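In the numbering used here, the protein residues as written are 2 to 118. The C-beta atom is built at its ideal place from N, Cα and C for all residues, glycine as well. No experiment lies behind these values; they were computed from the predicted model shown. Here is the structure we will look at.
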């Protein structure tokens, strides 16, 4: 069983920065690909960024150059550094983990990010 707990959301002005954290509780963190997704009101949940157990990264086009995903296998955590935030980044951000071998996926409870002046 895997438990994910996100933190770091909040209200930030356009152009500002925020860092989200996700703490993983389970077995063998390194075999899980970790991702951040977001869901804005009235929209479907979408992938923001993913980092594999080996450290490969992929980003949605809308956040490339502004967001950075990273992981610390010793601390069993994944982070999302968000810079130059825009109002359209406003959403609930969810942490996801996917077992590389079984494909089983887990979700955190989400953390709200609001970008507004």
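Quick check: what's the CA-CA separation for residue i versus residue j?
i, j, result
"residue 56", "residue 76", "15 Å"
"residue 116", "residue 29", "35 Å"
"residue 68", "residue 96", "15 Å"
"residue 4", "residue 44", "25 Å"
"residue 108", "residue 22", "14 Å"
"residue 18", "residue 26", "27 Å"
"residue 15", "residue 106", "32 Å"
"residue 31", "residue 2", "15 Å"
Could you spell out where the beta strand (DSSP E) holding residue i opens and where it closes?
i, result
"residue 68", "68–73"
"residue 77", "Here residue 77 belongs to no beta strand (DSSP E), and DSSP marks it neither H nor E."
"residue 94", "92–100"
"residue 86", "Note, residue 86: premise wrong, no beta strand (DSSP E); not H, not E."
"residue 106", "106–108"
"residue 30", "No beta strand (DSSP E) contains residue 30, which DSSP labels as neither H nor E."
"residue 50", "47–52"
Here's a check: name, in chain order, each residue in its chain whose Cβ is nearer than 8 Å to the Cβ of residue i, leaving out the five neighbours to either side.
i, result
"residue 47", "38, 39, 40 and 61"
"residue 118", "14 and 15"
Can you name, in chain order, every residue of its own chain whose Cβ lies under 6 Å from the Cβ of residue i, other than the five neighbours on each side?
i, result
"residue 24", "6 and 78"
"residue 70", "50, 52, 58 and 81"
"residue 36", "51 and 97"
Check whether the Cβ atoms of residue i and residue j sit closer than 8 Å, and answer yes or no.
i, j, result
"residue 11", "residue 94", "no"
"residue 83", "residue 73", "no"
"residue 112", "residue 8", "yes"
"residue 114", "residue 92", "yes"
Are there any heavy atoms of the ligand MG lying less than 7 Å away from the beta-carbon of residue i, as far as the coordinates show?
i, result
"residue 16", "This structure lacks the ligand MG; in fact it carries no ligand of any kind."
Are at least three pairs of beta-carbons, each pair with one atom in the stretch 37–55 and one in the stretch 94–102, less than 8 Å apart? yes
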